[in-house]
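So the structure is just underneath, and the comments pick up after that.
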Amino acid sequence: MDTRLAGRQAPDLIRIQYQQVGRYAKAGAIVDLSGQLDAGMDSQFAPALWKAATYRGKSFAIPHHTDTLAVYCNMEMFQRIGVELPSRLEDSWRWEEFIRIARLLKEKAEAPFGFACAWQNTAAYRFLPFLYQHGGRLLDADLRQPQLSSREGIETLAWTQSWFTEKLVPPTTSIKSNEQTQNLFANGTIGMMVHGDWQIPFLQEAMTRAEWRVTYMPRDLSMASDLGGNCLAVTRDSKNRDVAIDFLRFATTEANMRDFCLAGGFLPVRKSLMEGTLDYPLRPDAMKVFVEQSRTIPDHLAATVTLPDFSRINAKLAEQLDLTFTSGQTPKVAAENVDSTIRSVLKD
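Going by my numbering, the residue at position 89 of the sequence shown is 113; the numbering climbs one at a time, nothing skipped.
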(Lines of atoms letter the chains of each structure in order from A; the text may use other names.)
(Lines give C-alpha, C1' and ligand atoms only; values in the text may rest on other atoms or scores of the structure.)
Protein backbone atom coordinates (compact mmCIF):
# COMPACT_ATOMS: atom_id res chain seq x y z
CA MET A 25 0.00 0.00 0.00
CA ASP A 26 2.87 2.41 0.72
CA THR A 27 4.09 1.94 -2.85
CA ARG A 28 0.67 2.63 -4.35
CA LEU A 29 0.19 5.68 -2.16
CA ALA A 30 3.62 7.02 -3.10
CA GLY A 31 2.85 6.44 -6.77
CA ARG A 32 -0.53 8.17 -6.47
CA GLN A 33 -2.28 4.96 -7.54
CA ALA A 34 -4.09 4.09 -4.33
CA PRO A 35 -7.69 2.83 -4.31
CA ASP A 36 -10.57 4.99 -3.08
CA LEU A 37 -10.72 3.19 0.27
CA ILE A 38 -8.14 1.45 2.42
CA ARG A 39 -8.40 -0.67 5.55
CA ILE A 40 -5.43 0.06 7.77
CA GLN A 41 -4.18 -0.63 11.28
CA TYR A 42 -4.85 2.15 13.76
CA GLN A 43 -1.08 2.48 14.21
CA GLN A 44 -0.83 3.69 10.58
CA VAL A 45 -3.35 6.54 10.84
CA GLY A 46 -0.94 9.17 12.17
CA ARG A 47 1.76 8.33 9.63
CA TYR A 48 -0.59 8.40 6.65
CA ALA A 49 -2.42 11.52 7.86
CA LYS A 50 0.84 13.41 8.41
CA ALA A 51 1.96 12.49 4.88
CA GLY A 52 -1.35 13.65 3.41
CA ALA A 53 -2.06 10.17 2.07
CA ILE A 54 -5.56 9.95 3.59
CA VAL A 55 -8.18 12.68 3.72
CA ASP A 56 -9.55 14.62 6.66
CA LEU A 57 -13.12 13.47 7.30
CA SER A 58 -13.90 16.24 9.78
CA GLY A 59 -17.09 18.06 8.88
CA GLN A 60 -18.19 15.23 6.60
CA LEU A 61 -19.38 12.82 9.29
CA ASP A 62 -22.68 12.95 11.12
CA ALA A 63 -22.74 15.15 14.21
CA GLY A 64 -22.28 13.09 17.35
CA MET A 65 -20.97 10.06 15.45
CA ASP A 66 -17.91 9.96 17.69
CA SER A 67 -20.07 9.38 20.78
CA GLN A 68 -21.31 6.09 19.29
CA PHE A 69 -17.82 4.55 19.31
CA ALA A 70 -15.44 3.50 22.07
CA PRO A 71 -13.43 6.65 22.92
CA ALA A 72 -10.03 4.96 22.63
CA LEU A 73 -10.84 3.60 19.19
CA TRP A 74 -12.24 6.89 17.90
CA LYS A 75 -9.14 8.69 19.17
CA ALA A 76 -6.94 6.13 17.43
CA ALA A 77 -8.49 7.13 14.10
CA THR A 78 -7.68 10.82 14.55
CA TYR A 79 -4.63 12.99 13.93
CA ARG A 80 -4.20 16.35 15.63
CA GLY A 81 -7.81 16.30 16.72
CA LYS A 82 -9.25 15.60 13.27
CA SER A 83 -10.86 12.38 12.04
CA PHE A 84 -8.95 10.68 9.24
CA ALA A 85 -10.63 7.27 9.46
CA ILE A 86 -13.62 5.49 10.97
CA PRO A 87 -13.02 2.59 13.38
CA HIS A 88 -14.10 -0.73 11.88
CA HIS A 89 -13.16 -3.32 14.50
CA THR A 90 -10.56 -4.03 17.15
CA ASP A 91 -8.68 -6.89 18.77
CA THR A 92 -6.99 -7.04 22.13
CA LEU A 93 -5.21 -9.24 24.65
CA ALA A 94 -6.55 -11.51 27.38
CA VAL A 95 -5.28 -14.62 29.20
CA TYR A 96 -5.73 -18.14 27.79
CA CYS A 97 -5.73 -20.85 30.47
CA ASN A 98 -5.14 -24.61 30.27
CA MET A 99 -8.06 -25.87 32.37
CA GLU A 100 -6.55 -29.31 33.00
CA MET A 101 -3.61 -27.60 34.70
CA PHE A 102 -5.88 -25.20 36.56
CA GLN A 103 -7.85 -28.11 37.96
CA ARG A 104 -4.61 -29.54 39.35
CA ILE A 105 -3.81 -26.33 41.22
CA GLY A 106 -7.40 -25.73 42.31
CA VAL A 107 -7.74 -22.21 40.89
CA GLU A 108 -10.97 -20.84 39.41
CA LEU A 109 -10.99 -18.22 36.66
CA PRO A 110 -12.52 -14.80 37.29
CA SER A 111 -15.94 -14.62 35.65
CA ARG A 112 -16.27 -10.83 35.77
CA LEU A 113 -13.97 -8.10 34.53
CA GLU A 114 -14.02 -6.36 37.90
CA ASP A 115 -12.75 -9.59 39.52
CA SER A 116 -9.70 -9.94 37.27
CA TRP A 117 -6.52 -11.11 38.97
CA ARG A 118 -4.20 -8.59 40.58
CA TRP A 119 -0.53 -8.79 39.59
CA GLU A 120 0.38 -10.64 42.77
CA GLU A 121 -2.29 -13.28 42.20
CA PHE A 122 -1.28 -13.72 38.57
CA ILE A 123 2.33 -14.41 39.57
CA ARG A 124 1.22 -16.73 42.37
CA ILE A 125 -0.77 -18.77 39.84
CA ALA A 126 2.17 -18.86 37.42
CA ARG A 127 4.33 -20.32 40.20
CA LEU A 128 1.68 -22.89 41.09
CA LEU A 129 1.46 -24.01 37.47
CA LYS A 130 5.17 -24.84 37.58
CA GLU A 131 5.17 -26.36 41.05
CA LYS A 132 1.94 -28.36 41.11
CA ALA A 133 0.69 -28.70 37.55
CA GLU A 134 4.06 -29.78 36.16
CA ALA A 135 4.04 -27.07 33.51
CA PRO A 136 7.61 -26.36 32.35
CA PHE A 137 6.74 -22.66 32.53
CA GLY A 138 3.85 -20.70 33.98
CA PHE A 139 2.98 -18.50 31.02
CA ALA A 140 4.21 -16.43 28.08
CA CYS A 141 3.27 -13.12 26.48
CA ALA A 142 2.82 -12.60 22.73
CA TRP A 143 5.03 -9.54 22.25
CA GLN A 144 7.61 -11.02 19.88
CA ASN A 145 8.83 -9.62 16.55
CA THR A 146 7.55 -6.03 16.15
CA ALA A 147 4.99 -6.19 18.98
CA ALA A 148 7.02 -4.58 21.77
CA TYR A 149 4.13 -2.15 22.25
CA ARG A 150 2.26 -5.01 23.96
CA PHE A 151 4.39 -4.17 26.99
CA LEU A 152 2.38 -0.95 27.33
CA PRO A 153 -0.81 -2.43 28.87
CA PHE A 154 1.26 -3.56 31.85
CA LEU A 155 2.74 -0.08 32.14
CA TYR A 156 -0.73 1.49 32.20
CA GLN A 157 -1.96 -1.11 34.67
CA HIS A 158 0.71 0.11 37.08
CA GLY A 159 -0.20 3.77 36.62
CA GLY A 160 2.59 4.59 34.18
CA ARG A 161 2.73 6.03 30.68
CA LEU A 162 5.27 6.09 27.89
CA LEU A 163 4.59 9.81 27.26
CA ASP A 164 3.10 12.63 29.29
CA ALA A 165 -0.53 13.73 28.96
CA ASP A 166 0.29 16.05 26.04
CA LEU A 167 2.44 13.46 24.24
CA ARG A 168 5.40 15.85 24.36
CA GLN A 169 7.74 14.38 26.97
CA PRO A 170 8.89 10.80 27.75
CA GLN A 171 7.73 9.18 30.98
CA LEU A 172 9.23 5.67 31.10
CA SER A 173 11.89 6.77 33.59
CA SER A 174 9.18 7.46 36.15
CA ARG A 175 8.92 5.28 39.24
CA GLU A 176 5.94 3.48 37.68
CA GLY A 177 7.85 2.86 34.47
CA ILE A 178 10.94 1.44 36.15
CA GLU A 179 8.82 -0.73 38.45
CA THR A 180 6.89 -2.14 35.48
CA LEU A 181 10.15 -2.94 33.70
CA ALA A 182 11.41 -4.66 36.84
CA TRP A 183 8.20 -6.66 37.18
CA THR A 184 8.28 -7.95 33.61
CA GLN A 185 12.02 -8.63 33.93
CA SER A 186 11.26 -10.83 36.95
CA TRP A 187 9.23 -13.15 34.72
CA PHE A 188 12.49 -14.16 33.06
CA THR A 189 14.80 -14.12 36.09
CA GLU A 190 12.34 -16.31 38.01
CA LYS A 191 11.90 -18.55 34.94
CA LEU A 192 8.13 -18.17 34.94
CA VAL A 193 8.25 -17.69 31.16
CA PRO A 194 10.36 -19.53 28.56
CA PRO A 195 13.64 -17.70 27.81
CA THR A 196 12.78 -17.98 24.12
CA THR A 197 9.77 -15.69 24.49
CA SER A 198 11.56 -12.36 24.87
CA ILE A 199 10.83 -9.46 22.54
CA LYS A 200 13.26 -10.27 19.72
CA SER A 201 12.38 -13.95 19.61
CA ASN A 202 10.46 -15.60 16.79
CA GLU A 203 8.86 -18.09 19.18
CA GLN A 204 5.20 -18.82 18.49
CA THR A 205 3.65 -18.69 21.95
CA GLN A 206 0.41 -20.26 20.74
CA ASN A 207 2.33 -23.45 19.96
CA LEU A 208 3.82 -23.48 23.47
CA PHE A 209 0.34 -23.18 24.93
CA ALA A 210 -1.13 -25.85 22.66
CA ASN A 211 1.60 -28.39 23.50
CA GLY A 212 1.47 -27.78 27.26
CA THR A 213 4.80 -25.99 27.68
CA ILE A 214 3.00 -23.07 29.34
CA GLY A 215 -0.17 -23.06 31.44
CA MET A 216 -1.28 -19.54 30.55
CA MET A 217 -0.81 -17.34 27.50
CA VAL A 218 -1.31 -13.59 27.11
CA HIS A 219 -2.49 -13.36 23.52
CA GLY A 220 -5.21 -12.03 21.24
CA ASP A 221 -8.64 -13.18 20.16
CA TRP A 222 -7.32 -14.12 16.71
CA GLN A 223 -5.76 -17.27 18.21
CA ILE A 224 -9.15 -18.82 18.94
CA PRO A 225 -9.52 -20.65 15.57
CA PHE A 226 -6.00 -22.10 15.83
CA LEU A 227 -6.47 -23.35 19.38
CA GLN A 228 -9.87 -24.79 18.63
CA GLU A 229 -8.21 -27.04 16.05
CA ALA A 230 -4.76 -27.60 17.58
CA MET A 231 -5.54 -27.99 21.27
CA THR A 232 -7.88 -30.96 21.35
CA ARG A 233 -6.43 -32.93 24.29
CA ALA A 234 -7.00 -30.29 26.95
CA GLU A 235 -9.81 -27.85 27.61
CA TRP A 236 -8.91 -24.17 27.43
CA ARG A 237 -10.72 -21.05 28.49
CA VAL A 238 -10.06 -17.32 28.46
CA THR A 239 -10.04 -14.87 31.34
CA TYR A 240 -9.21 -11.20 31.69
CA MET A 241 -5.84 -9.48 31.71
CA PRO A 242 -4.27 -9.10 35.15
CA ARG A 243 -4.42 -5.64 36.67
CA ASP A 244 -2.64 -3.58 39.26
CA LEU A 245 -3.74 0.00 39.97
CA SER A 246 -6.04 -0.10 36.96
CA MET A 247 -7.15 -2.28 34.06
CA ALA A 248 -5.61 -2.00 30.60
CA SER A 249 -5.15 -4.01 27.44
CA ASP A 250 -3.72 -3.67 23.96
CA LEU A 251 -5.00 -1.72 20.95
CA GLY A 252 -5.37 -3.75 17.78
CA GLY A 253 -7.63 -3.93 14.77
CA ASN A 254 -8.32 -1.80 11.72
CA CYS A 255 -10.11 1.32 10.55
CA LEU A 256 -11.34 2.55 7.17
CA ALA A 257 -9.98 5.63 5.39
CA VAL A 258 -10.35 7.47 2.09
CA THR A 259 -7.13 8.08 0.16
CA ARG A 260 -6.10 11.36 -1.42
CA ASP A 261 -6.18 9.56 -4.80
CA SER A 262 -9.89 8.79 -4.54
CA LYS A 263 -11.73 9.88 -7.66
CA ASN A 264 -15.08 9.33 -5.98
CA ARG A 265 -14.49 10.92 -2.60
CA ASP A 266 -18.11 11.61 -1.66
CA VAL A 267 -19.18 8.09 -2.60
CA ALA A 268 -16.22 6.65 -0.69
CA ILE A 269 -17.16 8.56 2.46
CA ASP A 270 -20.75 7.37 2.11
CA PHE A 271 -19.48 3.81 1.96
CA LEU A 272 -17.47 4.32 5.16
CA ARG A 273 -20.66 5.38 6.91
CA PHE A 274 -22.50 2.36 5.47
CA ALA A 275 -19.80 -0.17 6.41
CA THR A 276 -19.68 1.04 10.00
CA THR A 277 -23.39 1.15 10.80
CA GLU A 278 -24.43 -0.93 13.78
CA ALA A 279 -26.05 -3.64 11.64
CA ASN A 280 -23.16 -3.97 9.21
CA MET A 281 -20.54 -3.91 11.94
CA ARG A 282 -22.42 -6.65 13.78
CA ASP A 283 -22.55 -8.84 10.66
CA PHE A 284 -18.88 -8.21 9.85
CA CYS A 285 -17.70 -9.05 13.37
CA LEU A 286 -19.81 -12.20 13.64
CA ALA A 287 -18.71 -13.48 10.23
CA GLY A 288 -15.01 -12.78 10.75
CA GLY A 289 -14.65 -13.27 14.49
CA PHE A 290 -13.75 -9.63 15.16
CA LEU A 291 -14.45 -7.35 18.11
CA PRO A 292 -16.86 -4.44 17.55
CA VAL A 293 -16.03 -0.82 18.29
CA ARG A 294 -19.52 0.65 18.53
CA LYS A 295 -20.59 1.11 22.14
CA SER A 296 -24.00 -0.47 21.55
CA LEU A 297 -22.39 -3.68 20.28
CA MET A 298 -19.64 -3.73 22.90
CA GLU A 299 -22.20 -3.42 25.68
CA GLY A 300 -24.55 -6.02 24.22
CA THR A 301 -24.16 -9.73 23.53
CA LEU A 302 -23.01 -10.95 20.12
CA ASP A 303 -23.80 -14.54 19.19
CA TYR A 304 -20.40 -15.56 17.83
CA PRO A 305 -20.44 -18.94 16.05
CA LEU A 306 -17.00 -19.96 17.42
CA ARG A 307 -16.27 -19.94 21.15
CA PRO A 308 -18.75 -17.22 22.17
CA ASP A 309 -17.62 -17.69 25.78
CA ALA A 310 -14.07 -16.63 24.91
CA MET A 311 -15.16 -13.84 22.57
CA LYS A 312 -17.33 -12.37 25.33
CA VAL A 313 -14.22 -11.97 27.49
CA PHE A 314 -12.32 -10.23 24.70
CA VAL A 315 -15.22 -7.86 23.97
CA GLU A 316 -15.35 -6.90 27.64
CA GLN A 317 -11.57 -6.55 27.83
CA SER A 318 -11.54 -4.21 24.82
CA ARG A 319 -13.35 -1.62 26.94
CA THR A 320 -10.18 -1.25 29.03
CA ILE A 321 -7.94 0.05 26.22
CA PRO A 322 -6.69 3.41 27.59
CA ASP A 323 -7.38 6.50 25.47
CA HIS A 324 -3.84 7.71 26.13
CA LEU A 325 -2.35 4.40 24.97
CA ALA A 326 -4.33 4.72 21.72
CA ALA A 327 -3.03 8.26 21.20
CA THR A 328 0.54 7.13 21.89
CA VAL A 329 0.77 4.15 19.54
CA THR A 330 -0.85 6.08 16.67
CA LEU A 331 1.76 8.85 16.65
CA PRO A 332 3.24 9.24 13.13
CA ASP A 333 6.72 8.13 14.21
CA PHE A 334 5.77 5.57 16.84
CA SER A 335 7.48 2.81 14.85
CA ARG A 336 10.85 4.37 15.77
CA ILE A 337 9.90 4.44 19.44
CA ASN A 338 8.65 0.86 19.24
CA ALA A 339 11.94 -0.31 17.71
CA LYS A 340 13.92 1.22 20.58
CA LEU A 341 11.48 -0.18 23.12
CA ALA A 342 11.96 -3.65 21.61
CA GLU A 343 15.73 -3.35 21.81
CA GLN A 344 15.77 -2.19 25.41
CA LEU A 345 13.16 -4.66 26.64
CA ASP A 346 15.10 -7.51 25.07
CA LEU A 347 18.34 -6.40 26.73
CA THR A 348 16.53 -6.15 30.06
CA PHE A 349 14.93 -9.57 29.75
CA THR A 350 17.87 -11.51 28.31
CA SER A 351 21.10 -9.68 29.19
CA GLY A 352 20.59 -8.33 32.68
CA GLN A 353 20.34 -4.66 31.74
CA THR A 354 18.81 -2.71 34.61
CA PRO A 355 15.27 -1.34 34.27
CA LYS A 356 16.57 2.16 35.04
CA VAL A 357 19.06 2.10 32.16
CA ALA A 358 16.44 0.67 29.80
CA ALA A 359 13.97 3.41 30.72
CA GLU A 360 16.57 6.15 30.27
CA ASN A 361 17.59 4.81 26.85
CA VAL A 362 13.99 4.62 25.64
CA ASP A 363 13.27 8.12 26.93
CA SER A 364 16.32 9.46 25.11
CA THR A 365 15.04 8.05 21.83
CA ILE A 366 11.56 9.45 22.47
CA ARG A 367 13.02 12.95 22.95
CA SER A 368 14.86 12.63 19.65
CA VAL A 369 11.76 11.40 17.81
CA LEU A 370 9.55 14.15 19.19
CA LYS A 371 12.07 16.81 18.13
CA ASP A 372 12.05 15.74 14.48
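Idealized CB from N, CA, C, for every residue including glycine.
A quick note: this is a predicted structure, and the numbers were derived from the prediction, not measured.
The alpha-carbon separation between D26 and I38 amounts to approximately 11 Å. Residue pairing from DSSP places T90 in a beta bridge opposite L291. Relative to the Cα of G52, the nearest Cα in the group F84, K191, L163, G220 belongs to F84. Selection L256, A133, L370 evaluated against L57 yields L256 as nearest (Cα-Cα). Under the DSSP definition of a beta bridge, H219 partners with A94.
Between Q171 and L181, the CB-CB gap reaches or exceeds 7 Å.
Under the 10 Å beta carbon count, Q157 is surrounded by 16 or more other beta carbons and is classified as buried. A distance below 8 Å between beta-carbons, with the five flanking residues on each side excluded, links A72 to the following residues of its chain, in chain order: L251, I321, P322, D323, L325, A326.
Spatial neighbours of K75 in its own chain (CB-CB distance under 7 Å, excluding positions within 5 residues in sequence) are listed in chain order as D323, A326, A327. When C-alpha distances from G31 are compared across V55, R112, T259, Q344, the shortest belongs to T259.
The alpha carbon of S318 has as its nearest neighbour, out of F102, Q103, D91, the alpha carbon of D91. A direct Cα-Cα distance of roughly 6 Å separates F122 from P242. For I54, no beta strand (DSSP E) encloses it, and the DSSP letter there is neither H nor E. In this structure, the straight-line span from the alpha carbon of R175 to that of P305 is close to 45 Å. Membership of R336 in the alpha helix (DSSP H) is indicated by the continuous run 334–350. E100 places its beta carbon 7 Å or farther from that of A275. Scanning its chain for C-beta atoms nearer than 6 Å, with the 5 sequence neighbours on each side dropped, one finds around G46 the residues Y79, T330, L331, P332, in chain order. Contact between the region 125–145 and the region 202–217 is present: 3 or more CB-CB pairs across the two stretches fall below 8 Å. Secondary-structure assignment with DSSP links A257 through a beta bridge to I38.
Within the DSSP secondary-structure output, L163 pairs in a beta bridge with P170.
Rounded to the nearest whole angstrom, the C-alpha separation of D303 and F188 is 39 Å. C-alpha of L167 to C-alpha of T232: approximately 46 Å in a straight line.
Sequence-distant Cβ neighbours of V238 in its own chain, meaning closer than 6 Å and more than five residues away, are A94, Y96, A310, V313. Cβ-Cβ distances below 8 Å link R118 to P242, R243, D244 in the same chain, with the five nearest sequence neighbours on each side left out; the list follows chain order. One Cα belongs to G220, the other to V293, and the distance between them is close to 16 Å.
The C-alpha of G138 is placed about 5 Å away from the C-alpha of L129. In this structure, Q103 is the residue among F349, Q103, D363, K356 with its C-alpha nearest to the C-alpha of G215.
Under the DSSP assignment, W143 falls outside any alpha helix (DSSP H); it carries neither an H nor an E label.
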